[in-house]
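One structure is given here, and the rest of the page talks about it.
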Amino acid sequence: MRIIKKYPNRRLYDTAASSYITLAEVKRLVMAGEPFVVRDAKTGEDLTRSILLQIILEEEAGGAPMFSEAVLANFIRFYGHAMQGFMGAYLEKNVQAFAELQAKLLEQAKGLSPEALAQFLSLQSPMVQAMMGAYAEQSRTVFQQMQEQIQKQTEQLMGAFGLKR
Numbered sequence: 445m446r447i448i449k450k451y452p453n454r455r456l457y458d459t460a461a462s463s464y465i466t467l468a469e470v471k472r473l474v475m476a477g478e479p480f481v482v483r484d485a486k487t488g489e490d491l492t493r494s495i496l497l498q499i500i501l502e503e504e505a506g507g508a509p510m511f512s513e514a515v516l517a518n519f520i521r522f523y524g525h526a527m528q529g530f531m532g533a534y535l536e537k538n539v540q541a542f543a544e545l546q547a548k549l550l551e552q553a554k555g556l557s558p559e560a561l562a563q564f565l566s567l568q569s570p571m572v573q574a575m576m577g578a579y580a581e582q583s584r585t586v587f588q589q590m591q592e593q594i595q596k597q598t599e600q601l602m603g604a605f606g607l608k609r
């Protein structure tokens, strides 16, 4: 695993390349699927998540944000909520499923020129939208089932202690 050290002056040092790197270069590692960890140079604390969040923040501030204000506000509302742990797993599974869909589409389009790729994607758009709509509905159903299961378990637990709603 590649180790990147973060120094107090906020500089990042790639131990594999023996040189300082920028956030843009860390982003390139992410895009290439290169495994790495960012550690505080003094304490050894894992700072990978904070660096990844920093990259997302820069991308969001860029020009074409991925997350609307409503989505970000909802993310914030889940912190400290009983559903926080479930939400992380739920989002991770959904993003993974989307990445798999994207990989399948790109595999089908392998070897196409940029023009042919654009045409392929435009032809695939209705199919992808239908698949994503079906997936979103399935995802919504799973989430509702999860909520109902948690509610039942909570009621059973409260009943075991002689408490009722």
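Take any residue in the sequence shown, note its place counting from 1, add 444, and you have its number in this note's numbering.
Built from N, CA and C at the ideal position, the CB exists for glycine as well.
Is it true that the CB of residue j sits closer than 7 Å to the CB of residue i?
i	j	result
F522	M531	yes
K449	L491	no
R446	A468	no
F564	A547	no
Looking at the secondary structure, which residues open and close the beta strand (DSSP E) in which residue i lies?
i	result
R446	R446 to K450
D458	L456 to D458
Cβ of residue i versus every heavy atom of the ligand FAD: is any distance shorter than 6 Å?
i	result
M590	As for the ligand FAD, it is missing from this structure, which has no ligand bound.
Just how far apart, CA to CA, sit residue i and residue j?
i	j	result
A578	I465	42 Å
Q588	I500	29 Å
T593	R584	With the sequence shown as reference, residue 593 is identified as Gln, and Thr is not the correct amino acid for it. In a straight line, the C-alpha of Q593 is about 14 Å away from that of R584.
V482	I495	8 Å
E489	F480	14 Å
Within the region 496-532, note down every full alpha helix (DSSP H) run reaching 4 residues or more, in order along the chain. Listed in chain order, they are 513-522.
Which runs of the beta strand (DSSP E) fall wholly inside the region 463-487 and span at least 3 residues, in chain order? Whole beta strand (DSSP E) segments, 3+ residues: 463-465 and 480-484.
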